[in-house]
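4 protein chains.
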Amino acid sequence: MNSDSLQYQFNRIRSNKAFEAFVIFIIITSALLIGAKTYKISDALMSVILWLDWFITAFFIVELSIRFIGEENKRRFFLNGWNVFDTIIVLVSVIPIDNSEMALLGRLVRVFRVLRMVSIIPELRMLLDSLLKALPQLGYVVALMFIIFYIYAAIGSMFFAQINETLWGDISIAMLTLFRIMTFEDWTDVMYETMVVYPLSWTFYLTFIFFTAFAFLNMVIGIVVRVLDEENERMKAEELGHEPCTLDKLRDEIQALKAEIRQLNSNSDYSTNKNSKPE
Amino acid sequence: MNSDSLQYQFNRIRSNKAFEAFVIFIIITSALLIGAKTYKISDALMSVILWLDWFITAFFIVELSIRFIGEENKRRFFLNGWNVFDTIIVLVSVIPIDNSEMALLGRLVRVFRVLRMVSIIPELRMLLDSLLKALPQLGYVVALMFIIFYIYAAIGSMFFAQINETLWGDISIAMLTLFRIMTFEDWTDVMYETMVVYPLSWTFYLTFIFFTAFAFLNMVIGIVVRVLDEENERMKAEELGHEPCTLDKLRDEIQALKAEIRQLNSNSDYSTNKNSKPE
Amino acid sequence: MNSDSLQYQFNRIRSNKAFEAFVIFIIITSALLIGAKTYKISDALMSVILWLDWFITAFFIVELSIRFIGEENKRRFFLNGWNVFDTIIVLVSVIPIDNSEMALLGRLVRVFRVLRMVSIIPELRMLLDSLLKALPQLGYVVALMFIIFYIYAAIGSMFFAQINETLWGDISIAMLTLFRIMTFEDWTDVMYETMVVYPLSWTFYLTFIFFTAFAFLNMVIGIVVRVLDEENERMKAEELGHEPCTLDKLRDEIQALKAEIRQLNSNSDYSTNKNSKPE
Amino acid sequence: MNSDSLQYQFNRIRSNKAFEAFVIFIIITSALLIGAKTYKISDALMSVILWLDWFITAFFIVELSIRFIGEENKRRFFLNGWNVFDTIIVLVSVIPIDNSEMALLGRLVRVFRVLRMVSIIPELRMLLDSLLKALPQLGYVVALMFIIFYIYAAIGSMFFAQINETLWGDISIAMLTLFRIMTFEDWTDVMYETMVVYPLSWTFYLTFIFFTAFAFLNMVIGIVVRVLDEENERMKAEELGHEPCTLDKLRDEIQALKAEIRQLNSNSDYSTNKNSKPE
């Protein structure tokens, strides 16, 4: 059938290394155009950039169509988050820009085209996936950290609001100030200011730094290290073509061995007894 | 009996998922009220907040009562640190506020209500427990660090007190300055100031930074990573329903195997001899 | 033959511990001369330094010649990157200095002589090699980080260029500013400035810090820790003179054992049957 | 004998828990006196402190004598670095203070008395020992880092000395400036200053930061983590009373088992053959 052969043809193009390299080249060009626009450039160059920009948009539509038609299972195509992302990026690019609001959105979308690099190169996709995998594990750490931030921000804005309105005015500003303190950014300036009124307020800052910067950062490190190790082991196991051997499995093997030896032992005893009986 | 059925009834409410979700919702509302109070709000909204505040206090008393009556073993209830914490938070909330001192305490207690989130959600409680578990292991590191801080602060205030009274005036101020240096917060400003008088004083700062920031921070990381790993292994073991297998246990298994084979060997030898004798 | 004996002789010199120590001494002298030149020194001392400098250049030519003639396989000599590095350093040193441009290059080359220390001492070479080994693994992390930097720099220069030209003027300056933010260097000054115009611009900074400083730094730590562990295990294996034992190998051993016991079991059964038959 | 009984008596005092606690109490008192002296105190209190100070010195002499007389092997006493340290601290304390130079030394020695805490409490001693154990492993990392610092300092003072004399004047000042850059302390101020003259000088700073702050800090973390793990395993092994089991040992055990089974197999074959022959 015509449609089938077209699908097959497009699937072949899609898997073609040269086509993939060309797509990456176009994405890089797109990224360079975005960069170029931030410089002060002549009008002539600007019009060239605009022409190139439309060519890239057109190319992305063609490329996405090829990938969509080349896909055997049309439904599965949109189950893949990256395909949805690519489609949105392409669709928003073709919306005619009327007012300045939309123009800004159009420019932003063009910036996010660079992220298509991640969707094309499998290694980058895997890296981001492993990072996202770590997020649920980090979820409760972030929740606990948010609670600590909230409590310190509430206390901070309760006591220090009248000292420095711009730093401790309300709870959201106080949380931003606390984030700054967590990154050690001029935190002593903030502290010395409040120590004039409350000489013991250094305990507020030191306990906060201990709670967040030290303990929690270490926890994050611990979790990320663990996730990376797991990912690493999983990959090794895949390379081996079987599940990695564990100590528990080894013990099971040894116990199976013992059972067989016991069996052997009883046989041997029986054989010995049989032999000795006639005597 | 009436009391028993009440206890059973309350125990059922306590374990109810919807009730738990409602408690969490109330705690979040309580946290939002605390945050709202830090903004400049109209008197009408303020009175609404005060009414909500009293409702939350009342709800917490009811909730705590349900949990207390629902508990089978009344003594064990107060052995749990989180229950004691919850009780104190609720009791202090109901104390009538007379003077401004007490008002401040009342406001502080309302802030700490947010911590009830940790006592309700088991994952957060586990996270905090594993952090507290790491503390005794960190105890001696903190002690050693305190000694280093004390020695450097004594030397610092001995030499630099006449250079900058606000930074090195006495040993406690000097320790705060050293903590600041450890966080790399404008530490060069402190150093350049003393280098004018003592050109070699950079050795004081550099050795201090090496001792504390590098060596000790790494130790802390090492210990926290280890504790997290242990916690992780313990949890895996619990999931498996038995203790995790170790290399030493495997060796014991293999040696038991060897003993049995030896037994078999001697039997077999005996059997061989028995058989060969008659010939 | 004459050439052979010369090669043998030079190979012996090359491997001589005293010769090696003398080369290290000369490199250190060379490094001290470079350091000495940065101080304001008298003309007499300067001429001594220049004489020493020429002596060191001459010595390096002799030393390189000895190593080259002493090498059995002349081709393999230039396959070693460190030998190529040493040759370039020596050759550029002897180029007659005509104009100031060349003089600067000559001075720079003399500075890089210090790196010869790494090429001479095996432990330092191994350390640098293990660092370079980690680079390909870090390649994709760096690529992903570059993409994040590029996107944030494009957005940053799009919105903030008119606020502060020197920080967000074009995409390359914006990337430098973002690097500064990643190191937490006065990042709040940059943020507070843009928050005056865009009050929500703190989200830009906070998400950027979360993406880069926390997640990625931890990934880098994870990868480096892993590479170091692998290197460590490889070295242990080399010390043992055999490959390190793995759990999978142990399982294979146990399964081989089981096969033999089964063999034994069938023999024993046979023997038992044989014995029982006559009865 | 009299001497023997004295030695035995003193050895008993030394091992006495109460005596140890009293020594720790005296050291803490000594530390508090040092701290107290940094405050502005009345003359009356000062004379009390001086009296206490002499009492502590006297007590330390007595305590050291007890420990020395109590020691069975007098030679081994001074082989222990901590004993030598204690002796020096005590001896310098009793030197009569004549001029201000000596007075300063006397005060410094009193500060270092706090370190006696480490020599008394075994856990702190173990912690410091494990830190010192990591040093040789870090030796080459420090050497490589010093080479990088030296090269960058030489290049920095070559190019930037005329821009800012106080930061890049000579190679030693340049190294201090580079250390500051490594700690991210106002490093952009240093960079922006040189970028006015050399617009590409950001490459100098960025490559330096990549080389030192990222790569090497991670190496240090890696090594310290490893050393801590080793220490931890060693301690576990000591608790078990035997060397920890390794995978290689397990394999040896399994291979020994295999040899025995083979032996058994050949016996069994023999027995089978013996039995089958008569038929």
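Those protein sequences? They're chains A, B, C and D, same order as listed. Following the numbering used here, the numbering of the first sequence begins with 5 at its first residue and continues without gaps. Following the numbering used here, the numbering of the second sequence begins with 5 at its first residue and continues without gaps. Following the numbering used here, the numbering of the third sequence begins with 5 at its first residue and continues without gaps. Following the numbering used here, the numbering of the fourth sequence begins with 5 at its first residue and continues without gaps. Ideal placement from N, C-alpha and C gives every residue a C-beta, glycine not left out.
Inter-stretch contact at 8 angstroms, needing at least 3 Cβ pairs: the segment 171-190 of chain C / the segment 37-44 of chain A:
The answer is yes - the segment 37-44 of chain A touches the segment 171-190 of chain C, with three or more Cβ pairs under 8 angstroms.
Given that C/S161 touches chain A, what residues does it touch there, using C-beta distances under 8 angstroms?
T42
Could you check the C-alpha separation between B/F14 and B/A22 for me, to the nearest Å?
14 angstroms
For the segment 104-119 of chain A against the segment 83-103 of chain B, are there 3 or more C-beta pairs whose distance is under 8 angstroms?
no
Rounded separation between A/W172 and A/F183 - CA only:
12 angstroms
Taking DSSP as the reference, what is the three-state secondary structure of D/E197?
helix
Could you spell out the range, first to last residue, of the alpha helix (DSSP H) harbouring C/T170?
Here the alpha helix (DSSP H) through C/T170 covers 169-172.
By the 8 angstroms beta-carbon criterion, what residues does the segment 168-200 of chain A contribute toward chain C?
So the list reads L180, F183, R184, T187, F188, E189, D190, given in the order they occur along the chain.
Go through its chain and collect everything with a Cβ distance to B/F63's Cβ below 8 angstroms, but skip five positions before and after it.
Around B/F63, the same chain offers I30 as residues with beta carbons nearer than 8 angstroms, after the five sequence neighbours per side are excluded.
Answer yes or no: does any C-beta atom of chain D fall closer than 8 angstroms to that of C/M121?
yes
Buried or exposed: which applies to A/R79, given that a residue is buried once 16 or more other Cβ atoms fall within 10 Å of its Cβ?
exposed
Proximity below 8 angstroms, CB of B/V113 to CB of B/E67
no
Best match in B/M195, B/I152, B/Y196, B/R266 for proximity to D/A35 [C-alpha to C-alpha]
B/I152
Could you give the C-beta distance for C/L148 and A/L131, rounded to a whole number, given that I count them as a contact under 8 angstroms?
6 angstroms
Is B/M130 near the ligand COA - that is, is its Cβ less than 7 angstroms away from at least one heavy atom of it?
Questions concerning the ligand COA fall outside what the structure shown contains, since it holds no ligand whatsoever.
Best match in C/V194, C/R266, C/I155 for proximity to C/T216 [C-alpha to C-alpha]:
C/I155
Is there a Cβ from chain B that is less than 8 angstroms from the Cβ of A/Y202?
no
What do you reckon, are the CB atoms on C/Y144 and A/E127 nearer than 8 angstroms?
yes
Leaving out the 5 sequence neighbours to the left and right, which residues in its chain are closer than 8 angstroms to B/I309 when beta-carbon positions are compared?
The structure shown does not extend to residue 309 of chain B, since chain B is modelled only from 5 to 283, so the question has no answer here.
Can you tell me whether DSSP reads B/L297 as helix, strand or coil?
As shown, chain B starts at 5 and ends at 283. That puts residue 297 of chain B outside it, with no answer to give.
So D/R117 contacts chain C; which residues on that side make the cut at Cβ distance below 9 angstroms?
The contacting residues do not exist; D/R117 stays about 38 angstroms from chain C at best.
Quick check on the burial criterion: 16 or more other C-beta atoms within 10 angstroms. Buried or exposed for A/Y43?
exposed
When the Cα atoms are used, what is the spatial distance from D/M106 to D/T33?
23 angstroms
Taking B/I32 as part of the alpha helix (DSSP H), name the residues at either end of that continuous run.
21-41
Below 6 angstroms CB to CB, which residues in the same chain sit around A/M5 once its five sequence neighbours on both sides are set aside?
Because the pLDDT of A/M5 is 46, which lies under 50, any placement of that residue in the model is unreliable, and the question is left without a value.
Using 8 angstroms as the limit for Cβ to Cβ distance, is B/R266 near chain A?
no
Proximity test, Cβ basis, 8 angstroms: B/E127 and chain A
yes
Secondary structure of A/L204, DSSP reduced to three states
coil
My understanding is that C/I73 touches C/Q11, with C-beta atoms under 8 angstroms, so please give their C-beta distance in whole angstroms.
About 6 angstroms; that satisfies the 8 angstroms criterion.
Tell me which residues share the same chain as A/I185 and place their Cβ nearer than 6 angstroms to its Cβ, disregarding the 5 neighbours each side in the sequence.
W191
Interface residues of chain C facing D/W206 [CB-CB closer than 8 angstroms]:
L180
Distance CB(C/V201)-CB(C/T181) smaller than 8 angstroms:
With contacts defined by Cβ atoms closer than 8 angstroms, C/V201 and C/T181 do not form a contacting pair.
For a cutoff of 8 angstroms on Cβ pairs, would you count B/K137 as touching chain D?
So no, B/K137 is outside the interface.
Euclidean distance between Cα positions of C/L108 and D/I167
Computed Cα separation, rounded: 17 angstroms.
So which residues of chain C does A/A158 contact, with C-beta pairs closer than 9 angstroms?
Under the 9 angstroms cutoff, chain C gives no residues; its nearest Cβ is about 19 angstroms from A/A158.
Tell me where the alpha helix (DSSP H) around B/V122 begins and ends.
120-124
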